[in-house]
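Engineer: For the working numbering, add 572 to where a residue sits in the sequence shown, where the first one is 1.
Note that beta-carbon positions come from the ideal geometry of N, C-alpha and C, so glycine has one too.
Bear in mind the structure is a predicted one, so any value in this text is a computation, not a measurement.
Mind looking over this structure? Questions follow.
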Amino acid sequence: MATPYEPPRPGLEFLARAEVTLDEVLDLGGTPHGRRRVVPIIGGRVEGPRLSADVLPGGADWQILQTGGWVRVEARYTARTDDGSLVSIVSRGVRHGPPEVMSALLAGQCPDPSTYRFRTAITFETAEDSPEHAWLNHVVTVSSALRRPDAVLLDVYAVC
């Protein structure tokens, strides 16, 4: 059925910058799904106009290295906001670039982030009765990220 309307074009609104501190990579080797790496998360900080929180230790980034230089990432961790609320964070996405750039990243180097693509979609979960943070349960976000030897830096945007 025809309609005179078009879907609205989404925009992006800066939500926060997250610096997620990492421990030593645990390389499980080849699995039926690809080369599995687990990167423990040991801390960090999230700072933005409406969200300020400490990243708690205990999470991890579960990566699958696939043929063609693609890395699928799925990081799960918890943050405690400055007012004490707990927020579960799940960041799923991809990292990809030329072979020499991907090799440098896997070797713990920090190549220019414009030479590779590192993007994720992030979901948040927190108590529905949290007056300051319940909105996080309903926000759609994307991030642009870069990998440093000891951390991931993500600029997180709400899709509006």
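#1: Starting from LEU678, trace the alpha helix (DSSP H) both ways and give me its first and last residue.
#2: Leaving aside the five residues before and after LEU623 along the sequence, list all residues of the same chain whose C-beta is less than 6 Å from its C-beta, in chain order.
#3: Tell me, to the nearest whole angstrom, how far the beta carbon of GLY583 is from that of CYS732; I am working on the premise that it is less than 8 Å.
#4: Going by C-alpha distance, which of GLY606, GLU700, ARG691 and TRP634 is nearest ALA527?
#5: With a CB to CB cut of under 6 Å and the five nearest residues on each side skipped, what residues in its chain are close to VAL645?
#6: Can you tell me which of the three DSSP states ALA706 falls into?
#7: Rounded to the nearest angstrom, what separates TRP517 and ASP654 at their Cα positions?
#8: Are VAL592 and ILE613 touching if we call contact CB-CB under 7 Å?
#9: What do you get for MET573, buried or exposed, if any count of 16 or more other CB atoms within 10 angstroms of its CB means buried?
#10: What does a CB cutoff of less than 8 Å around GLY620 pick up in its chain, not counting 5 residues either side in sequence?
#11: Beta-carbon of HIS710 versus every beta-carbon of chain B: anything under 7 Å?
Structural biologist: Based on what the coordinates show:
#1: In the sequence shown, counting from the first residue as 1, residue 678 sits at position 106. Here the alpha helix (DSSP H) through LEU678 covers 671-678.
#2: For this step, residue 623 is matched to residue 51 along the sequence shown. Excluding sequence neighbours, LEU623 sits near ALA588.
#3: The sequence position of residue 583 within the sequence shown is 11, counting from 1. The sequence position of residue 732 within the sequence shown is 160, counting from 1. With a Cβ gap of about 5 Å, GLY583 and CYS732 count as contacting.
#4: No answer is possible for residue 527: it lies beyond the span of the chain, which begins at 573 and ends at 732.
#5: Position 73 of the sequence shown, counted from the start, is the residue given in the question as residue 645. Excluding sequence neighbours, VAL645 sits near ASP633, GLN635 and GLY665.
#6: Reading the sequence shown from its first residue, position 134 is the one you call residue 706. If DSSP states are grouped into helix, strand and coil, ALA706 belongs with the helices.
#7: The requested residue 517 is not part of the displayed model; the chain covers only 573 to 732.
#8: Taking the first residue of the sequence shown as 1, we reach residue 592 at position 20. Taking the first residue of the sequence shown as 1, we reach residue 613 at position 41. Yes, they are a contact pair.
#9: If you number the sequence shown from 1, residue 573 lands on position 1. Counting Cβ neighbours within 10 Å, MET573 comes out exposed, since fewer than 16 surround it.
#10: Here residue 620 refers to the residue found at position 48 of the sequence shown. Excluding residues within five positions, the ones whose Cβ falls inside 8 Å are PHE586, LEU587, ALA588, ARG589 and VAL728.
#11: Here there is only one protein chain, and chain B is not present.
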